[in-house]
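Heads up: the structure comes next, in structure tokens.
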Amino acid sequence: DELGRDVKRMAVNLLDLPTENLLQHLTRCLGFITRALGGGGEKAKVLVHCHAGQSRSVAVVAAHLMRSEGLDLEQALRDIRRVSPNADPNEGFREQLELYLRMGCRIDVNNPLYRHHLLKQQGKNAVRGIGQPKTEAGAEAEAEAIASDSGTVGEGEGEAEASRPSEEYSITCRKCRSILAVSSQVIPHDPPHGPKARVPRKWQASGGAQPQGQCSSLYVEPLKWMEEVEGGANEGKLSCYKCKARVGHFSWSGMQCSCTQWVTPAFQLQKAKVDLVMT
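Using full-length UniProt numbering, you'd call the opening residue of the sequence shown number 1 and step up by one each time.
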């Protein structure tokens, strides 16, 4: 909006809550800042403000410095605090800015990191009862609609380890060979390491050795064939859309992988129930 001949204004609807999606506004905000600074010469100025001038506005300015100056989050906040000592983005904004840095200071909706971020937010809302849990698309359970890049999977041999993210593969039902997901829909997670890694009680009680980084399941995005998810439940079992064989579980609250890492939300496909086929 034009407030004067040389003044333009942009408003963003964003609450100062850790659960708010800051990242979805960054492209628009940073574009506005860049155009203003680039088109106004040496005298160009941009005022970024919020109610307290402490969290929301600071997060946007920090993102601008991270992208334009190549700073990490703490360096950007240090620079901001030289002129605004109370600068302190909330914890959720900080996590999103760290993610922004990991994504190369750009928002790519196809980036698995960003897609996982959106999924986690959807899971938190589902647990709090805000909105209806939704799968990635409608309610049709057709294999060809799972993903446009899945291609056709034949009867060939070969399994791919989930630890090879650079390889493209399809995840098929072991019983009927129907495609359940493709590699781009897998949500990666890192097994915990070090003395703080939690050991499940069943391993402690049996005296058995803790598996090192062994995951017995794959975790994927919610997909349209997951009829149980479409029903609105917060947790339940997953069955193949074609043969109805049990292939896993889901929980918007999350579940613990066999490697001891907690995955939230969790749409689990058990490796014993599926095959990984190279494409």
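Beta carbons are placed, not taken as given, at the ideal position from N, Cα and C, and that holds for glycine.
Among GLU167, TYR219, ASN234, nearest to ASN125 - alpha-carbon criterion: Among GLU167, TYR219, ASN234, the Cα nearest to that of ASN125 is on ASN234.
SER170 - partner residues in DSSP beta bridges: As computed with DSSP, SER170 is found in a beta bridge with VAL182, VAL277.
Nearest-angstrom Cα separation, counted from SER178 out to LEU97: Cα to Cα, LEU97 sits roughly 39 Å from SER178.
DSSP state of GLU221 mapped onto helix, strand, coil: Three-state result, GLU221: coil.
Those runs of the beta strand (DSSP E) which lie wholly inside the UniProt domain "Tyrosine-protein phosphatase" (1–106) and span at least 3 residues: Entirely contained in the UniProt domain "Tyrosine-protein phosphatase" (1–106), the beta strand (DSSP E) runs reaching 3 residues are, in chain order, 2–4.
As assigned by DSSP and simplified to three states, the class of ARG246: Here ARG246 sits in strand by DSSP.
Inter-residue spacing [alpha-carbon to alpha-carbon] between residue 317 and GLU74: Residue 317 cannot be examined here, being either before or after the span of the chain that is shown, 1 to 279.
Buried versus exposed call for LEU23 [16 or more other C-beta atoms within 10 Å across all chains shown]: Buried, by the Cβ-count rule.
Bounding residues of the beta strand (DSSP E) (the contiguous stretch that carries GLY254): First-last for GLY254: undefined, no H or E at that position.
For SER170 and VAL277, believed in contact at Cβ under 8 Å, the rounded distance: Correct: roughly 5 Å between the Cβ atoms.
Local conformation of GLY123 per DSSP, three classes: When DSSP states are grouped into helix, strand and coil, GLY123 belongs to the helix group.
The region 84–101 in contact with the region 14–23 per 3-pair CB rule at 8 Å: Output reads yes: the region 14–23 touches the region 84–101.
Buried/exposed call for ASN251, threshold 16 Cβ in 10 Å: Before going further, note that residue 251 is Ser rather than Asn in the sequence given. The residue is buried, with at least 16 neighbouring Cβ atoms inside 10 Å.
Range covered by the alpha helix (DSSP H) that runs through VAL229: The continuous alpha helix (DSSP H) containing VAL229 extends over residues 227–230.
Where the beta strand (DSSP E) containing SER239 begins and where it ends: Unbroken beta strand (DSSP E) run through SER239: 235–239.
Check whether LEU218 and VAL186 have beta carbons under 8 Å apart: Their beta carbons are under 8 Å apart, which means LEU218 touches VAL186 by this criterion.
Closest Cα partner of LEU269 within the set CYS173, ILE107, LYS120, VAL61: When only C-alpha atoms are compared, the closest one is CYS173.
Residue burial classification, LYS273 (beta-carbon count within 10 angstroms, cutoff 16): When all chains shown are included, LYS273 counts as buried.
Burial state of PRO265 (16 or more Cβ within 10 Å): By the neighbour-count definition (other C-beta atoms within 10 Å, threshold 16), PRO265 is a buried residue.
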